[in-house]
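Worksheet for the structure shown next.
In the numbering used here, the protein residues as written are 34 to 346.
Given below as structure tokens:
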């Protein structure tokens, strides 16, 4: 019975998402000079991106003593993304914590594995945003340049604090009452244990995989944009896609709808492109989301998800 209900939920979410993006699909159908072969060419890159996500998460899961097979990891990842799509900032993706707990793993391990994955995505995105700002520096208003300098300044402070973390902990211990300091140190230790448990080799793999994941994401958006019959230089495509992704992470609207389009229209106008070009570039985010939705729906309906549907007693 639970398996049937689980599948019905997946079908309901799938049609809800199709309804949400129906206008985008109709707009895509009205485009001229569409190259269907380029749309198909995105498929292997899309699968490769999710395989890299699964491989990265596998390292994080093993660090939390969570042992699931790679194919189970893959379907949990795509199913979690699928169910998180209709939520602002994709916060619903944390349903993966529930999936892992249903399979008998601890809340702490499941939560930290999911949180680390999200933090890695945000950190990697910020790297691409900074690269994008460097690429599109000449287009940016002075206010944006100021915010960039401020962000670099804050980043430098964070790095300095991390490099001197032992001294910082000593200073904080002197400033905070002993009873509170001990409790705070214990809680921080639980939080940072997941980060400290990874070896340098694992961090190297995770870093490379994160860069490839997001690089493939922007490469696919560029291919989709070309498939729609529009052209833009590859560096600008990566830069603008990074800004669009940042807008999409804001937990205000679902998948950043409206916010992303406004950001992209402004960027394309600064670069000398017509407003329509920015709108079409934003539409490509929706098209890529449809790829994610289809794969996520297949993962949700997969028999490999049965282990994660019902909580072990």
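C-beta: ideal position from N, C-alpha, C; glycine also.
Close CB contacts of residue 79 within its chain, under the 6 Å cut and outside five residues either way in sequence, are with 324 (chain order). Straight-line spacing of the CA atoms in residue 193 and residue 127 works out to 31 Å.
Listed in chain order, the alpha helix (DSSP H) runs fully inside the region 78 to 127 are 103 to 117, counting runs of at least 4 residues. Going by DSSP, residue 142 is part of the alpha helix (DSSP H) stretching over 140 to 168. Taking the Cα positions, residue 169 is about 38 Å away from residue 130.
About 5 Å separates the CB atoms of residue 260 and residue 72; that is less than 8 Å, so the two are in contact. Minimum Cα-Cα distance from residue 144 among the listed residues 336, 227, 275 corresponds to 227. Secondary structure of residue 342 (DSSP, three-state): coil. For residue 150 and residue 328, the gap between their C-alpha atoms comes out near 19 Å. For residue 270, the three-state secondary structure derived from DSSP is helix. Under the Cβ criterion (8 Å, minimum of three pairs), the region 235 to 249 does not count as touching the region 299 to 311.
Only buried fits residue 269, as 16 or more other CB atoms lie within 10 angstroms of its CB.
Distance between residue 234 and residue 240, taken at the CA atoms: about 10 Å.
In the assembly as shown, residue 186 is an exposed residue. Its beta-carbon has fewer than 16 other beta-carbons within 10 Å. Counting other Cβ atoms within 10 Å of its Cβ, residue 109 reaches 16 or more and is therefore classed as buried.
Boundaries cannot be given for residue 68, as no alpha helix (DSSP H) includes it and DSSP labels it neither H nor E. Around the C-beta of residue 255, 16 or more other C-beta atoms lie within 10 Å, and the residue is accordingly described as buried.
A residue is called buried when at least 16 other Cβ atoms come within 10 angstroms of its Cβ; residue 225 does not meet this threshold and is exposed. Non-local beta-carbon contacts of residue 238 in its own chain, meaning distances under 7 Å to residues more than five positions away in sequence, involve 92 in chain order. Taking 8 Å as the upper bound for CB-CB distance, residue 242 and residue 88 are in contact here, some 6 Å apart. In the structure shown, the three-state DSSP call for residue 237 is helix. Comparing alpha carbon positions, the residue from 68, 155, 98 closest to residue 231 is 98. For residue 306, the three-state secondary structure derived from DSSP is coil. DSSP, read as helix, strand or coil, puts residue 315 in helix. Around the beta-carbon of residue 100, fewer than 16 other beta-carbon atoms lie within 10 Å, marking it exposed. Linking residue 316 to residue 45 through their CA atoms gives a straight-line distance of about 24 Å.
Buried is the label assigned to residue 313, since at least 16 other Cβ atoms lie within 10 Å of its Cβ. Under the three-state reduction of DSSP, residue 74 is assigned to helix. If you draw a straight line from the Cα of residue 167 to the Cα of residue 111, it comes to about 32 Å. Taking every protein chain shown into account, the CB of residue 86 has 16 or more other CB atoms within 10 angstroms, so this residue is buried. Closest option to residue 297, judged by alpha-carbon separation, among 319, 318, 273, 320: 273.
By the CB criterion at 8 Å, residue 107 and residue 83 fall inside the cutoff.
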